[in-house]
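A short write-up of the structure that comes next.
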Amino acid sequence: MENAITVAGLTKRFGHTRALDGLDLEVRQGEVHGFLGPNGSGKTTTIRILLGLLRADGGTTTLLGGDPWRDSVALHRRLAYCPGDVTLWPNLSGGEVIDLLGRLRGGLDPKRRKDLLERFDLDPRKKGRAYSKGNRQKVGLIAALASDVELLLLDEPTSGLDPLMEEVFRQVIHEEARDSGRTVLLSSHILSEVEALCDRVTIIREGRTVETGSLADLRHLRRTSITAELASPPHGLAELPGVHDLEATDHTVRLQVDTQHLDPVLRQLTTFGVRTLVSQPPTLEELFLRHYEVTSR
Amino acid sequence: MTGTGALARLILRRDRVLLPLWVFLIGLLPVFVASSTGSLYPTDEARAGYIRDALSNTLFLVLYGRPTEPGLGALTSWRASTSMAILALISMFTVIRHTRVEEEAGRRDLVESTVVGRYAGLLAALLVTCGANVVLGGVVTLTMLGQDPSTEGALAIGAAWAAVGCLFAVVGAVTAQLSQSPAAARGIGGAVLAVAFVVRAIGNVNSETGGAAWLSPLGWIDQIHPYSDNRWWVLGLVAGFGALLAWLAFALAARRDVGAGIVAPRLGPAQAAPGLRSPLALAWRLHRGALLGWLASFAFFGVLVGGFAETAGKMLGENPALKEYMERVGGTSAFSDIVIVGLFSVGALGLSGLAISAALRLRTEEASLRSEPVLATGASRLRWAGSHLAFAVLGPAVAMLLAGTIGGLVHGADTGHVARELPRVLAGALVQLPAVWLLGALTVAMFGLLPRYAAIGGWLALSFCFFLGQLGALLQLPQSIMDISPFTHVPRVPGGELAWTPLIVLTVVAAAFVAVGLAAFRRRDVPVT
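Sequences listed follow chains V and D, in order.
Following numbering that gives the first Met the number 0, the numbering of the first sequence begins with 0 at its first residue and continues without gaps.
Following numbering that gives the first Met the number 0, the numbering of the second sequence begins with 0 at its first residue and continues without gaps.
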């Protein structure tokens, strides 16, 4: 199946700063794709290029089979966008903004609009100036989610939402992917959100893609952490391939192991008599931090 | 009240350019009026004639009130009094800008979380604005000393100007408490000023001693009579009323939450009207308030032009110095026609403000990121930009149509030749349009090519044209410099010959600017912040 988004070697400069430096991104049809990166790593710039608002300096970009710069208007009818910081017109009510943006995209499902207003607990009658940050964000989200489109581009959409509303957002995105088969590109730096929602992720840093693949793939490449309580003091673990950060105190052992070397380590452990075992797959947070710690060094 | 001093310094720091600018520009207004009046009407005798003509024209009474004495100081004080409305507006807006606007932006929360009293912000804004008005009064007094020898008169006129500013600063402090929206606070304040103006006008027309004008704060200011009886006790009345309003402002502030108003905000519709479905419909919602304000002012301007033309033309015939000046500005023709051309050319400069500010909407929408979600829909860049441009082009056109039609009707009714005057005055209004459009178009070109400088470029161009138009002839600048301003090329209609070539050239140049701006906007990154 054709990709919803294919970006290769994308570059973009703003004056002397290099915002994107050979970024690659592939989003498949019907998947929820996490787009991760620290502040200022180029997430918003990439999305603005995908929207045809910024012009790329180099690289190729294909969005829903078209060129986002040349075919922007035609493509915009097939996608919906929610920025990370929704600004509203002070004299328009939230309901008016939702309807206006929906109509400009070519249509809005009234039933879905009503349903989303209820679930996000938003009063659509308030004027733009009266909304809090979180409520402004809800207006942008509902306008995007209620639109009848194939692709959702969401740029840190949950910033400012409370945990309850974040949960609602997660449910809605789950349903989107499951029931309507829409493609979602979700830029975020909230790892738990990405972990809960996304099929595949792309991690970028300083305008460059550093990691991409399914969560399972990424985890596989990474380390599992193991804490075990043993019947007899262990030995010989440090010599096994792929073991890191070994801490052994009497009967307790903590270690990290490269996931492809998990089996020999577990065999070795059982020879000492395992009483308890806690094994954790690497969290996305660990993956993330490992990449970014490199940057800050 | 803790922290008032620090907040006042913050206001001074933020307004370090704006505040001195308006204090001196407005503070110099009376002396400009005095020196031009003095050169046009050099003797008490000439000024007595001026007063006779003024008293015979209702429009003069409406606008300026009743002149008292033919002395230069007294006449200046009378003639400049209407310009006090500008000072009233600026003082009001300054207080609102540092109270309600701060509050809406959420900055007041940040400030008040520090060691700052609940009323410190309001008090600081009032202190700074009233302080600025006192300085302004000092500028008026010092400059007027050079025009008329009476020291007491100079002190009285300075005090009158300072009093207007302070009083309306307090009015602004009250209206800022009422609504959550700064626009509403400004609107209510403007309405208060308008009512005060109308009540003063009614009083001055109907009674020689003021009458109903005593019900209006602006009427009181007239009654100070600087340079004639210097009635200082009237200032006591102004001060007392100001203190009462200040008490009201602080009492209202005490009764409301930060961020809230006394009047609860109205809810909007839960669903958009069926018509709100295009960039143009959105632009209408964003422009309509300002546009209606402009149209109302230009309807009023039309009444002024039509009502003044005949009397002013007559005064012109009697006064060789004034005639010479008006001929420099308006050309040689029938006196009333000179007045009409002169007034419309000044009005056109003002109207360029509408063309420029409507065009600059593009920039504010872009810089506030509100354009982004709209441009991410099926609306193309050209359609979005065009929707705002429609207001920059058609807004001035409708305003001039209105001013020309009303001016023509009023002037026609005055002279008894409606059928003759209506098309002539209307033409006089409409010929100004290409020059007005040109300034708007220049702003659009800047928006496309150098978006960060669009606002500075647009307003600077207007200031330059204003400078050339008002002072160019006086300074006897060479024609090649005068020709830079599009307004130099506007044919002097009515009275002169209706030359089509400059009108067509100006329109074509304006269209070219718009085309360049839009082409550049289509190619560039959005948003440029």
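The beta carbon of each residue, even a glycine, is placed where N, CA and C say it ideally should be.
Interface flag, residue i vs chain D, CB-CB below 8 Å
| i | result |
| --- | --- |
| His75(V) | yes |
| Pro67(V) | no |
| Thr294(V) | Note that Thr294(V) has pLDDT 49, beneath the 50 cutoff, so the model's placement of it is unreliable and the number below is only indicative. Not one chain D Cβ lies under 8 Å of Thr294(V). |
| Tyr80(V) | yes |
| Pro232(V) | no |
| Glu95(V) | yes |
| Arg102(V) | yes |
| Gly105(V) | yes |
Residue i at chain V interface by Cβ criterion, 8 Å
| i | result |
| --- | --- |
| Ala375(D) | yes |
| Ala271(D) | yes |
| Arg369(D) | yes |
| Leu281(D) | yes |
| Glu102(D) | no |
| Phe520(D) | no |
Any C-beta of chain C under 8 Å from that of residue i
| i | result |
| --- | --- |
| Gly267(D) | Considering every chain present, this structure includes no chain C. Its protein chains are V and D. |
Contact set between residue i and chain D, taken where Cβ atoms lie within less than 9 Å
| i | result |
| --- | --- |
| Asn90(V) | Ser180, Ala182, Gly267, Arg284, Leu285, Gly288 |
| Val200(V) | Near Val200(V) there are no residues of chain D at all, since even the closest Cβ is about 23 Å away, more than 9 Å. |
| Pro280(V) | Per Cβ cutoff of 9 Å: no residues; Pro280(V) is ~37 Å from chain D at best. |
| Gly64(V) | Chain D residues near Gly64(V): none, gap ~17 Å exceeds 9 Å. |
Identity of the residue in the options nearest residue i by Cα
| i | options | result |
| --- | --- | --- |
| Lys322(D) | Ile480(D), Val338(D), Glu309(D) | Val338(D) |
| Ala529(D) | Ala172(D), Thr442(D), Val340(D), Trp21(D) | An answer regarding residue 529(D) cannot be provided, because it is not within the stretch 0 to 528 covered by chain D. |
| Val504(D) | Ala434(D), Gln176(D), Thr442(D), Thr310(D) | Ala434(D) |
| Met399(D) | Gly346(D), Ala440(D), Gly377(D) | Gly346(D) |
| Arg102(V) | Gly157(D), Ala271(D), Thr36(D) | Ala271(D) |
| Ala311(D) | Leu429(D), Gly385(D), Ala333(D), Val198(D) | Ala333(D) |
| Val114(D) | Phe343(D), Gly2(D), Ala269(D) | Gly2(D) |
| Val193(V) | Lys11(V), Thr16(V), Ala18(V), Phe34(V) | Phe34(V) |
| Thr275(V) | Ala227(V), Gln28(V), Asp70(V), Leu49(V) | Ala227(V) |
| Tyr49(D) | Lys313(D), Ala308(D), Thr506(D) | Lys313(D) |
Closer than 8 Å at the beta carbon, the chain D residues around residue i
| i | result |
| --- | --- |
| Gly139(V) | Pro372 |
| Thr86(V) | Ser367, Leu368, Arg369 |
Interface partners of residue i on chain V, CB under 9 Å
| i | result |
| --- | --- |
| Glu365(D) | Correct list: empty, because the minimum Cβ distance to chain V is about 10 Å. |
Amino acids of chain V, ordered along the chain, whose beta-carbon sits closer than 7 Å to that of residue i
| i | result |
| --- | --- |
| Val531(D) | With chain D covering 0 to 528 only, the question about residue 531(D) has no answer from this structure. |
| Pro264(D) | Lys126, Ala129 |
First and last residue of the uninterrupted beta strand (DSSP E) at residue i
| i | result |
| --- | --- |
| Tyr80(V) | 78-81 |
| His32(V) | 31-35 |
| Glu246(V) | 242-248 |
| Ser213(V) | 207-213 |
| Thr59(V) | 57-62 |
| Thr201(V) | 199-204 |
Residues that residue i bridges to, as DSSP identifies them
| i | result |
| --- | --- |
| Phe297(V) | Outside the modelled stretch of chain V, which goes from 0 to 296, sits residue 297(V), for which no answer is possible. |
| Asn326(V) | This structure gives no information on residue 326(V), because the portion of chain V shown stretches from 0 to 296. |
| Ser224(V) | Gln255(V), Gln279(V) |
| Asp154(V) | Ser186(V) |
| Ser146(V) | Leu107(V) |
| Val273(V) | Leu229(V) |
| Ala7(V) | Thr59(V) |
| Leu22(V) | Leu9(V) |
| Gly65(V) | Leu62(V) |
The alpha helix (DSSP H) enclosing residue i, as first and last residue numbers
| i | result |
| --- | --- |
| Asp14(D) | Element bounds for Asp14(D): n/a, residue is neither H nor E. |
| Arg104(V) | 93-104 |
| Asn203(D) | 181-205 |
| Pro422(D) | 417-429 |
| Ile156(D) | 150-177 |
| Tyr130(V) | First-last for Tyr130(V): undefined, no H or E at that position. |
| Leu285(D) | 278-317 |
| Glu365(D) | 334-366 |
| Asp63(D) | Note on residue identity: the sequence assigns Tyr, not Asp, to residue 63(D). It spans 57-63 - the alpha helix (DSSP H) in which Tyr63(D) sits, taken as one unbroken run. |
Closer than 7 Å at the beta carbon, the chain D residues around residue i
| i | result |
| --- | --- |
| Asp98(V) | Gln270, Ala271, Leu275 |
| Thr59(V) | Ordered by position in chain D, no residue passes the 7 Å Cβ test against Thr59(V), which lies about 18 Å from the chain. |
| Pro123(V) | Ala269 |
Contacts that residue i makes with chain V (C-beta to C-beta distance below 8 Å)
| i | result |
| --- | --- |
| Ser379(D) | Ser71, Val72 |
Residue i CB to nearest heavy atom of the ligand ZN below 7 Å
| i | result |
| --- | --- |
| Ala129(V) | Because no ligand of any kind appears in the structure shown, any question about the ligand ZN cannot be addressed here. |
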